[in-house]
Amino acid sequence: MKDFYVSRAGRDAALIARCDPVVYDQGGYVDALTEEQLRNYARQGFVTLNGVFSSREVQALCDEAIALEHDPSVREGEEVIREPGSAALRSIFRVHELGHRLAGLARDPRLLNAARQILGSEVYVHQSRVNMKPALDGEEFYWHSDFETWHVEDGMPAMRALSCSVLLTDNTPFNGPLMLIPESHQQFVACVGETPEDHYHASLRRQEVGVPDPVSLRLLAERGGLRSVVARAGSVVFFDCNTLHGSGGNLSPWSRSNVFVVYNSVENRLVAPFGGTQPRPEHVAARQRCEALTPLPAAA
Ligand code: 6CS
Ligand code: FE
C-alpha cells in the first residue's frame, strides 16, 4: 500500500499537504451536526459543542472513571499509564471496554452519529482513554498529530479518524486544557527520528519521537494561531486525527479529567505499521475488535 505520509524515515522534517477529505461525503452520510458545526470542523480541524451532557450524566461518568482509577485489577493492568515524574495515574486506556457507562458513551448517538457523519461511514473504536491530568501533578502532552503516530506505529492508512473528547471536569486556563492549532489538520508534519521498539511505553508518558519540529510548529501556529478549549464539564470537542494538539501541565489544585473516544472508519482499518515496527497492543490500537458500532437509542 502506497504511503502518502512518510514520517520518521531518517529524512529532514517536511510539510506534506493532506490528500484525504476532512468531512467525507460532504456530511451527507447521516444527520448529526449542524451545517455551521460541520463547516467549522472542516475549516479549523475541530469543533467544540458546549453543554452536550448534563451534570448528572457527567457525574455518573466521573464516578465510573474514579472507580476504575481505584480498582486494584485496573491499577495493575497494562491499560494504566503513570505520569513521567511520579506514580500518579496519567491515563487509563480501553475504558470503553472496562466501564459500563463508558461503553455506553462510545455508542451515545450524540458522539457516534457525529463521527459517522464526519467520516462518511460506519465506525468503530480505534482507541479510548481517560486522561486524568491529576491536580498539581499532571504533566504536559507535547504538541503532536495523533495520525502521525497511528499511521507510523499502528498502520492507519488514511486520515479518516477523529477524536471525541468529553470534558468530565471544567477545563480552565489553569488546569491544562486541550490546546489545538486551527487549520493544522491540512498539513501532515513529517517527523525526524527513528521509532524505538515498544515506543508506546515511553511515548504515552512523555512523547519525544514523532513530534513536530519547532520550525513546522511555528509556521502552522503563525498561520492558524493557537486555541485553548476552556469549557465546562459536559462539553465535547471533536478533532480531526491530524489536528496538532497538546496540553500544558496542571498547576491547579483540582484535577482535569477528559475522556477520549477515537472513532476510525470501517473503511480505514489498520494494516501493517507504516514505520515497520511491531503492531502496538490491542488496548492502544484495536485490530481484533473493530466491528461497526450501532448507536444506542437517544436518552429519553
Ligand atoms: O499514541 C497514542 O495513540 C496516544 N498519544 C497521544 C499523545 N495522543 C493520542 C493517543 O492517546
Ligand atoms: Fe493526542
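Numbering (the working numbering), first residue to last: 484 to 783. Positions of the beta carbon are idealized from the N, C-alpha and C atoms, including for glycine. Please read these numbers as outputs of a predicted model, since none were measured by experiment.
- Nearest in C-alpha terms to residue 516, of all of 487, 564, 646, 592, is 592.
- Closest in alpha carbon position to residue 601, among 525, 687, 709, is 525.
- At a cut-off of 8 angstroms, the beta-carbon of residue 624 counts as near ligand 2: some heavy atom of the ligand is closer than that.
- For the set 721, 610, 630, 532, the Cα lying nearest the Cα of residue 489 is the one of 630.
- Residue 686 has its CB no nearer than 8 angstroms to any heavy atom of ligand 2.
- Annotation for residue 750: 604, 643 place their beta carbon closer than 7 angstroms to its own, counting only its chain and skipping 5 residues before and after.
- When only Cα atoms are considered, residue 732 and residue 564 end up about 16 angstroms apart.
- Taking all protein chains shown into account, residue 772 has fewer than 16 neighbouring C-beta atoms within 10 Å of its C-beta and is therefore exposed.
- Here the alpha carbon of residue 705 sits roughly 17 angstroms from the alpha carbon of residue 499.
- No heavy atom of ligand 2 is found nearer than 8 angstroms to the CB of residue 738.
- Closer than 8 angstroms to some heavy atom of ligand 1: that describes the Cβ of residue 612.
- About 5 angstroms separates the beta carbons of residue 548 and residue 613, which is inside the 8 angstroms limit, making them a contact pair.
- Here residue 759 is exposed: its Cβ has fewer than 16 other Cβ atoms, across all protein chains shown, within 10 Å.
- As summarised for the stretch 621-646, the continuous beta strand (DSSP E) elements at least 3 residues long and confined to that stretch are 624-627, given in chain order.
- Shown here for residue 590: same chain residues with a beta carbon closer than 8 angstroms to its own, the five before and five after excluded, namely 776, 777, 778, 779 in chain order.
- Counting only the Cα atoms, residue 720 lies some 11 angstroms from residue 534.
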